[in-house]
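Student: Residue numbers (this note's numbering): 5 to 545.
Note that CB positions come from ideal geometry on N, CA and C, so glycine has one too.
Since the model is a prediction, treat every value here as computed from it, not as a measurement.
So that we are looking at the same thing, I have put the structure below in structure tokens.
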């Protein structure tokens, strides 16, 4: 029995991923469901049959409703079928990145309290002696051509998924919140340990329905899966969005801007979500003349404080893509966005208005709500807010105001019309001699330099001031790399205060990225520090 919710003119339910997908498969079994990265296409009936075969195997190995299942989040049809299978059995899906480090995986193995791990045959960590002992078996998926009612002549053999099941006696008592949880996504924690972000089906349905409404998507419109699947937003805004709402999902993997643009064009994708680094790469491809066709995308949702008005304008001018800046996070997936009908000036400077039923407010350090126009930490309440962090994986890190607003760590400003703008991250600030520098502001200013394709600002230690700023820059094709003095002159010319100028410059071919596609500032800070130590090392005698 599903429950229906409404907020203004938006409606959604708490139906599971499988319930929604299977209803669509019954209604239109031959409709396109998936385009895998190798170009193979899968109908709803074919994906449903593979999911049911996987579910039968999981059931034989004891999977019950409420069990947590780790899933190596590869962009393959069998992996998506496994996600559907877990949902069909009432399990809790816990996708993790394919390149998850050994130490992080060991933490999850020890703390997640999961029953099983599903992975593809390329995952050699199953043979690691440090993992929990368990029963391991291939899922033994038959070729689709052998499944009744799913003729796929010439279909090559699919690589088998692998299943590792723990002894149920080794599990701790279930968390009562698991009864409401459908997805656990992982994100970095302030203590260096991953956080497990628990979400309900209703939260995922709400976020997806709101995005579909904003983009005015029609039934059957394809969406592109550009971002990695191993996070709550990454999974929700690709797999869940597509399979629960009947939108064919076109997966792009590995990420390559020309390939992404070509697949979006070939399958006439109408919506996608990406991070600023991906948008920048697509723009640079067009700027270099390698792509000249206008994109069929009706809207491209982009989250991240590195967005600038120039990026939004260039996307429209060079690619024909209407970019919608979106505010969201693992704990409260996409919950504010600009609209396609907004003027380009607004879309370039604002992160939009909250989704129906969601409220964003700015708070001062004493957790007092601030009036419009004043800068403060963002607090959010709404239907896409997470249930909480898993025990042992961040459960003591969540911060709320006394009246229930989740404090995001972002700083925002609201204008009089209700549009909000993310202006920085509290913990991302660089403190130079007691003066706080907002990296997002400096990054936006540096991004306007004609030679810079991508930039990130990080802190490096300095004995007198505590911290200094280092600008890590990627250079456009055929452009000459600027010197630090060139950048300072550019910042002076656009009026940025001298207090905010970087003291160091690092030129890179590409910025390091996290598993979710965002700039990995922790790794970048280490690279900057190593480069400075090398530069300042005494010359050999």
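1) Would you call the CB atoms of residue 464 and residue 515 closer than 7 Å?
2) According to the neighbour-count rule (16 or more other Cβ atoms, all chains shown, within 10 Å of its Cβ), is residue 363 buried or exposed?
3) What does the alpha-carbon distance come out to for the pair residue 140 and residue 59?
4) Along the chain, where does the alpha helix (DSSP H) containing residue 422 start, and where does it finish?
5) Would residue 532 and residue 512 qualify as a contact pair, given that the criterion is a beta-carbon distance under 7 Å?
6) Please classify residue 80 as buried or exposed, where buried requires at least 16 neighbouring CB atoms within 10 angstroms.
7) Rounded to whole angstroms, what is the Cα-Cα separation between residue 37 and residue 389?
8) With 16 other CB atoms within 10 Å as the buried threshold, where does residue 404 fall?
9) Please work out which residues of its chain come closer than 6 Å, Cβ to Cβ, to residue 328, disregarding the five sequence neighbours upstream and downstream, and give them in chain order.
10) How is the alpha helix (DSSP H) around residue 391 delimited, first residue to last?
11) What does the alpha-carbon distance come out to for the pair residue 167 and residue 476?
12) So residue 189 packs on residue 203, CB below 8 Å; how close in whole Å?
13) With a Cβ-Cβ cutoff of 7 Å, do residue 413 and residue 431 count as a contact?
14) May I ask which residues mark the beginning and end of the beta strand (DSSP E) holding residue 74?
15) Please name the residue or residues paired with residue 440 in a DSSP beta bridge.
16) Does residue 226 pass the burial test, meaning 16 or more other C-beta atoms within 10 Å, or should it be called exposed?
17) Can you tell me where the alpha helix (DSSP H) with residue 269 in it begins and where it stops?
18) So, helix, strand or coil for residue 492, using DSSP?
19) Whole angstroms are fine: how far does the CA of residue 407 sit from the CA of residue 89?
20) Which word fits residue 281, buried or exposed, when buried means at least 16 other C-beta atoms lie within 10 angstroms of its C-beta?
21) Which residues bound the alpha helix (DSSP H) around residue 313?
22) Residue 177 to residue 393, Cα distance in whole Å?
23) Below 7 Å between beta carbons: does that hold for residue 521 and residue 199?
24) Tell me, please, whether the segment 433 to 443 touches the segment 454 to 470 by the rule of three or more beta-carbon pairs shorter than 8 Å.
25) Pairing CB atoms from the segment 204 to 211 with CB atoms from the segment 320 to 340, are three or more of them under 8 Å?
26) Would you mind reading off the limits of the beta strand (DSSP E) that contains residue 471?
27) Which of the three DSSP states is assigned to residue 239 in this structure?
28) Measuring straight from C-alpha to C-alpha, what distance separates residue 354 and residue 45?
29) Please list the terminal residues of the continuous alpha helix (DSSP H) segment that includes residue 61.
30) Please report the Cβ distance between residue 9 and residue 387, rounded to the nearest whole angstrom; I am assuming they are in contact, meaning their Cβ atoms lie under 8 Å.
31) Would residue 256 and residue 267 qualify as a contact pair, given that the criterion is a beta-carbon distance under 7 Å?
32) How long is the line joining the alpha carbons of residue 344 and residue 220, rounded to whole angstroms?
33) Is it the case that the Cβ atoms of residue 253 and residue 229 are separated by a distance below 7 Å?
34) From the DSSP secondary-structure annotation, give me the bridge partner or partners of residue 277.
35) Using the C-alpha atoms, what's the distance from residue 95 back to residue 346?
36) Considering only C-alpha positions, which residue in the set 488, 42, 499, 508 is nearest to residue 258?
Tutor: Let me spell this out:
1) Result no, Cβ atoms of residue 464 and residue 515 do not sit closer than 7 Å.
2) The residue is exposed, with fewer than 16 neighbouring Cβ atoms inside 10 Å.
3) Since pLDDT at residue 140 reaches only 48, below the 50 mark, its modelled position is unreliable, and no value is offered.
4) Segment: none, residue 422 is in no alpha helix (DSSP H) and carries neither H nor E.
5) Taking C-beta atoms as the reference points, residue 532 and residue 512 fail to come closer than 7 Å.
6) Taking all protein chains shown into account, residue 80 has 16 or more neighbouring C-beta atoms within 10 Å of its C-beta and is therefore buried.
7) Rounded to the nearest angstrom, the two C-alpha atoms are 28 Å apart.
8) That one is exposed.
9) For residue 328, same chain residues with a beta-carbon under 6 Å away, outside a window of 5 residues either side, are 303, 305, 341, 342 in chain order.
10) For residue 391, there is no enclosing alpha helix (DSSP H), as DSSP gives it neither H nor E.
11) Rounded to whole angstroms, residue 167 to residue 476 spans 42 Å at the Cα level.
12) Residue 189 to residue 203, Cβ: 7 Å. Contact.
13) The Cβ atoms of residue 413 and residue 431 lie closer than 7 Å to each other.
14) Run containing residue 74: 72 to 76, per the beta strand (DSSP E) assignment.
15) DSSP lists 435 as partners of residue 440.
16) Residue burial annotation: residue 226 is buried, with at least 16 other C-beta atoms found within 10 angstroms of its C-beta.
17) For residue 269, the uninterrupted alpha helix (DSSP H) run begins and ends at 261 to 270, by DSSP.
18) Of the three classes helix, strand and coil, the one that applies to residue 492 here is helix, per DSSP.
19) For the pair residue 89 and residue 407, the Cα-to-Cα distance works out to about 38 Å.
20) By the 10 Å Cβ count, residue 281 comes out buried.
21) Counted as a single uninterrupted DSSP element, the alpha helix (DSSP H) harbouring residue 313 occupies residues 313 to 318.
22) About 16 Å.
23) No. Outside cutoff.
24) Segments in contact, yes.
25) Under the 8 Å Cβ criterion, the segment 204 to 211 counts as touching the segment 320 to 340, having at least three qualifying pairs.
26) From DSSP, the beta strand (DSSP E) with residue 471 extends over 470 to 479.
27) Reduced to three states, the DSSP call for residue 239 is helix.
28) Straight-line measurement puts the Cα of residue 45 at about 38 Å from the Cα of residue 354.
29) Residues 48 to 64.
30) At roughly 7 Å, the Cβ-Cβ gap stays under 8 Å, so residue 9 and residue 387 are in contact.
31) Contact: yes.
32) Using only the alpha carbons, I get a separation of about 9 Å.
33) With contacts defined by Cβ atoms closer than 7 Å, residue 253 and residue 229 form a contacting pair.
34) Beta-bridge annotation (DSSP): residue 277 is paired with 229, 305.
35) Going from the Cα of residue 346 to the Cα of residue 95 covers about 40 Å.
36) Here the closest residue by C-alpha is 42.
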